[in-house]
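Asks:
Protein chains: 2
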Amino acid sequence: MKKNVAVIGVGAVGVEIIKILKERKFPINNLRVFARSRRSIEIEGEDYEVEAIEDSDFSNIDIALFAGTEGEKGASVLYADKFVKKGAVVIDNGSDFRLKKNVPLIVPEINKGEVIRHKGIIANPNCTTIQMVVALADIYRTFGLKEIILSSYQATSGAGRKASLGLWEETREVVENNKDKDFNCLAKKLSGPNRVFGPQIAFNVIPRIGSPAEDGYTGEEWKVVRETHKIFNDRRIKISATCARVPVFTSHCESIHFTTKENASLSRIAGVLNNSAGVEYSGESLCFPLDAEGKDPVYVCRLRPNLYRKKSFWMWCVADNLRKGAALNAVQIAELLL
Amino acid sequence: MKKNVAVIGVGAVGVEIIKILKERKFPINNLRVFARSRRSIEIEGEDYEVEAIEDSDFSNIDIALFAGTEGEKGASVLYADKFVKKGAVVIDNGSDFRLKKNVPLIVPEINKGEVIRHKGIIANPNCTTIQMVVALADIYRTFGLKEIILSSYQATSGAGRKASLGLWEETREVVENNKDKDFNCLAKKLSGPNRVFGPQIAFNVIPRIGSPAEDGYTGEEWKVVRETHKIFNDRRIKISATCARVPVFTSHCESIHFTTKENASLSRIAGVLNNSAGVEYSGESLCFPLDAEGKDPVYVCRLRPNLYRKKSFWMWCVADNLRKGAALNAVQIAELLL
Chain A
0 MKKNVAVIGV GAVGVEIIKI LKERKFPINN LRVFARSRRS IEIEGEDYEV EAIEDSDFSN
60 IDIALFAGTE GEKGASVLYA DKFVKKGAVV IDNGSDFRLK KNVPLIVPEI NKGEVIRHKG
120 IIANPNCTTI QMVVALADIY RTFGLKEIIL SSYQATSGAG RKASLGLWEE TREVVENNKD
180 KDFNCLAKKL SGPNRVFGPQ IAFNVIPRIG SPAEDGYTGE EWKVVRETHK IFNDRRIKIS
240 ATCARVPVFT SHCESIHFTT KENASLSRIA GVLNNSAGVE YSGESLCFPL DAEGKDPVYV
300 CRLRPNLYRK KSFWMWCVAD NLRKGAALNA VQIAELLL
Chain B
0 MKKNVAVIGV GAVGVEIIKI LKERKFPINN LRVFARSRRS IEIEGEDYEV EAIEDSDFSN
60 IDIALFAGTE GEKGASVLYA DKFVKKGAVV IDNGSDFRLK KNVPLIVPEI NKGEVIRHKG
120 IIANPNCTTI QMVVALADIY RTFGLKEIIL SSYQATSGAG RKASLGLWEE TREVVENNKD
180 KDFNCLAKKL SGPNRVFGPQ IAFNVIPRIG SPAEDGYTGE EWKVVRETHK IFNDRRIKIS
240 ATCARVPVFT SHCESIHFTT KENASLSRIA GVLNNSAGVE YSGESLCFPL DAEGKDPVYV
300 CRLRPNLYRK KSFWMWCVAD NLRKGAALNA VQIAELLL
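See below:
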């Protein structure tokens, strides 16, 4: 039962989707790649002809994976319906459809059963949400979750390829500017405007991701709240987040403080994490973004109780934001359609 | 009433103390600088003769500022008593005396009155603690504080000069290794052992600061709890922290979730922050570590309520860990002795 597959977008996530389809031997009859403009690209030694989406015919596509765009309306707003009308099922990594009623928002480890309710479009959650809910899923199932307080340490690639290139160029510029300087006289702050994030990201932390939204929270912080509620189908979980950007290329870190409903001991939670699908709990060992890059699991470490509050615990969670946080989860959803 | 002053240690904090003494025109009769070995150093164009501490005579010193050492027992363990016996008052930036009974732990904005209770030694709190308590002090005074949940984003200089040099060398090595490479093929992870933090810090996040201590927390995380309790003289505040290192040279960031005892509105808290000593609340504007470097205030932004929990709020707090987090606070304590 080989499928005709389309990938829309060839930025950081689009490229990752193409790699993962191949890596997981997704049964593809014909792969078409779309972007704004026609061109040739090479991914891991293989050439792909990219079609200009505007002029194309979308017939005979079974599954269309939209890579999504951060910060602006994605191609899916313009084209998803056109693919659906021609018979494709759309899996959208962008944020435009995630909270719509007839659009299932899927993390396969948690709610794969929802897939059958789609009306042509299935949404992939935001990277920050995905790794958090995967890490907490079995804890939620076993003990319930009353509250989540999240502080994130997010990689530049979450804002797309250009953002990571920006970190790289800023870093090189700082190194270049200081080539002949003594370490004590480093000039770490670059001058000039038009940095990729506004403020410089190299050797800095930016405590805002996405546009300001309601009540002082950003779009990214609301995504964590609303998407988690939808995925767990439980709006009673009290979720509050602060999302920050750090000078890391790939893999987000999350400092998660969570409170269970039922009594839960540290050893029982550790036991649950050891058996959680998609989770690699490393116990006393630490997990790092540099090590998570290119890997599938959501890594968890530093599990410990809040000694001052019953049923409250900390965990540190790391995952490749382009893989489990985006492309891998999208391909896993596609696998559910087989 | 000019004083004879000694500075012990010429690492990141020691150098900063010398700069700040000068900058704030501390009334100095005679300044002596001590370190493990004899040498000459230059700070901002001025030469200082460093005496080897082991062979020295500590007579005629009024105030001795120990710069402190991260990660190992500080010089103060060996020498503080010797200075005190010769008549000096010791201000120690290290962690060895902070929790001792007869040693006041001072943040001048909060508990300067405690200074008079010293028996020769006064302690300077840990950088992570100082900026948090300065940001929260007037909120505590006005509304009380029931709980603090902290996630930190700490700069390398908190682990000393060598640690920052380590970040710099790692960064240069990554840039050098990738000079002729396409951005898609960046090799960001360095090979080889003996990185300054163990794991690579360049383009990475390390979710542990200090040695593992009780109940899964690190020494750094316990400092935040116990020092805050001592400074506010209130052990009922429920404090729990996760401390992480980010690839930033100077200035720590803190994502602080706090719960007041009394009812507090957002506008009343903003009003309190606008009038808090040592605090610069920037309202809608963000604050960044790169901008806080070399500055005195504790910067606060992103104040907002946790919409799911009464009396609970977030703030983002940034301060130069070498200045208010260490050297400036120590010099402010010395000023109290004048």
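If you read the protein sequences in the order shown, they are chains A and B. In this text, residue positions in the first sequence follow numbering that gives the first Met the number 0: the first is 0, and each later residue adds one. In this text, residue positions in the second sequence follow numbering that gives the first Met the number 0: the first is 0, and each later residue adds one. For glycine and all other residues, C-beta sits at the position ideal for the given N, C-alpha and C.
#1: Could you name the residues of the segment 151 to 178 of chain B whose beta carbon sits closer than 7 Å to any beta carbon of chain A, in the order they occur along the chain?
#2: Please confirm if residue 256 of chain B has its CB atom under 8 Å from at least one CB of chain A.
#3: Which residue marks the beginning of the beta strand (DSSP E) containing residue 145 of chain A, and which one marks its end?
#4: Which one of B/25, B/131 and B/15 has the shortest CA to CA distance from residue 231 of chain B?
#5: Confirm, please, whether the CB-CB distance from residue 95 of chain A to residue 123 of chain A is below 8 Å.
#6: In angstroms, rounded to a whole number, what distance separates the CA positions of residue 333 of chain B and residue 3 of chain B?
#7: Does residue 192 of chain B come out as helix, strand or coil in the three-state DSSP assignment?
#8: Can you confirm whether the segment 222 to 236 of chain A touches the segment 238 to 246 of chain B when touching is taken to mean that 3 or more C-beta pairs between the two stretches lie within less than 8 Å?
#9: Output the residue ranges of the alpha helix (DSSP H) runs that lie fully inside the segment 267 to 317 of chain B and measure 4 residues or longer, sorted by chain position.
#10: Counting only runs of 4+ residues fully inside the segment 93 to 153 of chain A, write out the alpha helix (DSSP H) ranges in chain order.
#11: Using 8 Å as the threshold, is the C-beta distance between residue 210 of chain B and residue 254 of chain A below it?
#12: Is the closest heavy atom of the ligand SAH to the C-beta of residue 23 of chain A under 7 Å?
#13: What in chain A is Cβ-close to residue 247 of chain B, meaning under 7 Å?
#14: For residue 206 of chain A and residue 5 of chain A, I'd like the C-alpha separation in whole angstroms.
#15: Quick one, which residues of the segment 220 to 245 of chain B are near chain A if we go by CB-CB under 8 Å, in chain order?
#16: Tell me the rounded alpha-carbon separation between residue 265 of chain A and residue 66 of chain B.
#17: With 9 Å as the limit, tell me which residues of the segment 277 to 292 of chain A have their beta carbon closer than that to any beta carbon of chain B; keep them in chain order.
#18: Would you verify that the beta carbon of residue 198 of chain A is, or is not, closer than 8 Å to some beta carbon of chain C?
#19: Count the CB pairs spanning the segment 54 to 63 of chain A and the segment 78 to 85 of chain A that are closer than 8 Å, and state whether there are at least three.
#20: Since residue 320 of chain B and residue 156 of chain B should fall inside the 8 Å C-beta cutoff, what is the C-beta to C-beta distance between them, to a whole number of angstroms?
#21: Got a sec? Which residues, its chain only, sit under 7 Å from residue 106 of chain A by beta carbon, not counting five neighbours each side?
#22: Using a C-beta cutoff of 8 Å, does residue 307 of chain B count as contacting chain A?
#23: Nearest chain B C-beta to residue 10 of chain A closer than 8 Å, yes or no?
#24: Going by DSSP, what residues sit across from residue 2 of chain B in a beta bridge?
#25: With residue 58 of chain B and residue 33 of chain B assumed to form a contact (beta carbons below 8 Å), what rounded beta-carbon distance in angstroms separates them?
#26: Go ahead and label residue 120 of chain B buried or exposed: buried means 16 or more other beta carbons lie within 10 angstroms of its beta carbon, across all protein chains shown.
#27: Suppose you measure from the CA of residue 12 of chain A to the CA of residue 22 of chain B; what does that come to, to the nearest Å?
#28: From the beta carbon of residue 135 of chain B, is the nearest beta carbon of chain A less than 8 Å away?
Replies: Taking the coordinates as given:
#1: Here the close residues are 152, 164, 167, 170, 171 and 174.
#2: Translated into the one-based positions of the second sequence, residue 256 of chain B becomes position 257. Closer than 8 Å to some Cβ of chain A, the Cβ of residue 256 of chain B qualifies, so yes.
#3: Stepping through the first sequence from its first residue, residue 145 of chain A is reached at position 146. Residue 145 of chain A -> beta strand (DSSP E) spans 144 to 153.
#4: On the second sequence, residue 231 of chain B is found 232 positions in, with the first residue counted as 1. When only C-alpha atoms are compared, the closest one is B/131.
#5: Within the first sequence, numbered from 1, the residue matching residue 123 of chain A stands at position 124. Within the first sequence, numbered from 1, the residue matching residue 95 of chain A stands at position 96. Their beta carbons are not under 8 Å apart, which means residue 123 of chain A does not touch residue 95 of chain A by this criterion.
#6: Against the second sequence, residue 333 of chain B aligns to sequence position 334. Against the second sequence, residue 3 of chain B aligns to sequence position 4. Looking at the two C-alpha atoms, the distance is approximately 12 Å.
#7: Locating residue 192 of chain B in the second sequence gives position 193, where the first residue counts as 1. The three-state reading of DSSP puts residue 192 of chain B in coil, since its state is none of H, G, I, E or B.
#8: no
#9: Uninterrupted alpha helix (DSSP H) stretches at least 4 residues long and entirely within the segment 267 to 317 of chain B occur at 288 to 291, given in chain order.
#10: 107 to 110 and 126 to 142
#11: Start at 1 with the first residue of the second sequence, and residue 210 of chain B comes out as number 211. Start at 1 with the first residue of the first sequence, and residue 254 of chain A comes out as number 255. Taking 8 Å as the Cβ cut-off, residue 210 of chain B and residue 254 of chain A do not qualify as a contacting pair.
#12: Because no ligand of any kind appears in the structure shown, any question about the ligand SAH cannot be addressed here.
#13: Here the question's residue 247 of chain B lines up with position 248 in the second sequence. Within 7 Å Cβ-Cβ: 202, 203 and 204.
#14: Taking the first residue of the first sequence as position 1, residue 206 of chain A is located at position 207. Taking the first residue of the first sequence as position 1, residue 5 of chain A is located at position 6. Distance between the alpha carbons of residue 206 of chain A and residue 5 of chain A is about 36 Å.
#15: 237, 238, 239, 241, 243 and 245
#16: Here residue 265 of chain A refers to the residue found at position 266 of the first sequence. Here residue 66 of chain B refers to the residue found at position 67 of the second sequence. Answer to the nearest angstrom: the Cα atoms are 39 Å apart.
#17: 283, 285, 286, 287, 288, 289, 290 and 292
#18: No chain C is part of this structure, whose protein chains are labelled A and B.
#19: yes
#20: In the second sequence, counting from the first residue as 1, residue 320 of chain B sits at position 321. In the second sequence, counting from the first residue as 1, residue 156 of chain B sits at position 157. Yes, residue 320 of chain B and residue 156 of chain B are in contact; Cβ-Cβ is about 6 Å, under 8 Å.
#21: As a first step, residue 106 of chain A must be located in the first sequence, where it is residue number 107. Closer than 7 Å at Cβ, skipping near neighbours: 124, 129, 132, 133, 230 and 328.
#22: The count along the second sequence starts at 1 and reaches residue 307 of chain B at position 308. For residue 307 of chain B, the answer is yes, since a Cβ of chain A falls inside 8 Å of its Cβ.
#23: As a position in the first sequence, residue 10 of chain A is number 11, starting the count at 1. No, its Cβ sits nowhere closer than 8 Å to a Cβ of chain B.
#24: Your numbering for residue 2 of chain B matches position 3 in the second sequence. DSSP output for residue 2 of chain B lists B/27 as bridge partner(s).
#25: By one-based count along the second sequence, residue 58 of chain B stands at place 59. By one-based count along the second sequence, residue 33 of chain B stands at place 34. Residue 58 of chain B to residue 33 of chain B, Cβ: 13 Å. No contact.
#26: What you label residue 120 of chain B is simply residue 121 of the second sequence in a count that begins at 1. Answer is buried; the Cβ neighbour count reaches 16.
#27: Position 13 of the first sequence holds residue 12 of chain A. Position 23 of the second sequence holds residue 22 of chain B. Those two C-alpha atoms are separated by around 51 Å.
#28: Here residue 135 of chain B corresponds to residue number 136 of the second sequence, with the count starting at 1. False, the Cβ-Cβ gap to chain A never drops below 8 Å.
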